[in-house]
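As structure tokens, the structure follows; a few thoughts come after it.
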Amino acid sequence: MQQFPQIIRHMSGWVVLCFALAVSGCSLTDDTPAYRYRLTVEVDTPDGVKTGSSVIEVDTQVAGGYSIPTPGRVTNRLRGEAVSVDLGEDQVLFALLRSEADIDWAGRVMYRLSPQYTGENALRDGYRNMLRHRPERTVPRHFSRIDRMDQRSAYPMLVTFGDLDDPTSVERVDPDDLAATFGEGVRLKRITVQITDDPVTSGIGQRLGWLNRTKATLLSRPRDTPIGQLPIEYQVGKISFVRSDGQ
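In the numbering used here, the protein residues as written are 1 to 247.
Now the structure itself:
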């Protein structure tokens, strides 16, 4: 029993060491630097092409091999806002920071569009290639054949509002049929991303004045309906439109 305090002291030392390694392992390295890209949405209309864009900053962090509880975990901190495309006659299309399947779409899209590497330095090589590729890239309808089969869109989620001053009037927009929402002759032309050094976009709160008063989702979920049976609009919240300081 007399050896027990000594054992505790040795264990404490190992705990401190493991904690230090975990903290250092979670820090951002030169292998995954913060970067900015411009997300652009182009829409064909009877009055010509309408365009909107937003510059988004992604700060990627990779947990080290000694991190607890998830070594190697990749997380993204975002700064930026959704793209808004003014279509005229008080009609505005929004391309959100999330997709229908991925709440962190805006933090992953650039990396997913880059060639994938394997091996010990796969992450480092992938980011280096991504940052070297400066020309714009067109976002495909699906990232892969499997995504196409499972009907998982590679596009950001598209929404609009019946009344811009009323967040509960949010309505999902079908990227394959904008005319159903905005009228004949309106269709999505393309969505692109491009590495840039431009400043992060801000100001969406001036168009959507209720954003600063919003904390959860825009639509309240009915208590008697399982979330899996609700339309995707019920998952749209403030962080779908604007992110700052990793929120």
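Built from N, CA and C at the ideal position, the CB exists for glycine as well.
Cβ contact annotation for residue 49 (same chain, cutoff 8 Å, sequence separation greater than five): 42, 43, 189, in chain order. Assignment of residue 129 by DSSP, reduced to helix, strand and coil, places it in the helix class. Taking residue 114 as the centre and dropping the five residues before and after it, the same chain places the C-beta of 126, 129, 130 closer than 6 Å to its C-beta, in chain order.
Cβ neighbours of residue 170 within its own chain (closer than 8 Å, five residues either side excluded): 159, 160, 161, 218, 219, 233, 236. Taking C-alpha positions only, residue 98 is separated from residue 45 by approximately 25 Å. Rounded to whole angstroms, the separation of the alpha carbons of residue 87 and residue 103 is 26 Å. Inside the region 39-66, DSSP marks whole beta strand (DSSP E) runs of 3 or more residues at positions 48-62, from first to last along the chain. In this structure the region 204-212 does not touch the region 144-160; the number of beta carbon pairs closer than 8 Å is below three. In the structure shown, residue 93 falls within a strand segment according to DSSP collapsed to helix, strand and coil.
For residue 181, no beta strand (DSSP E) segment is defined; the enclosing uninterrupted segment is the alpha helix (DSSP H) at 179-182. If you draw a straight line from the Cα of residue 59 to the Cα of residue 199, it comes to about 14 Å. Straight-line measurement puts the Cα of residue 177 at about 25 Å from the Cα of residue 238. Contact between residue 240 and residue 101 is ruled out by a C-beta separation of about 13 Å, above the 8 Å threshold. Contact between residue 196 and residue 37 holds: CB atoms are separated by about 6 Å, below the 8 Å threshold.
In this structure residue 119 is exposed. Its beta-carbon is surrounded by fewer than 16 other beta-carbon atoms within 10 angstroms. Under DSSP, residue 160 forms a beta bridge with 171. Nearest to residue 94 by C-alpha distance, out of 231, 172, 243, is 172.
Between the alpha carbons of residue 57 and residue 229 lies a distance of about 33 Å.
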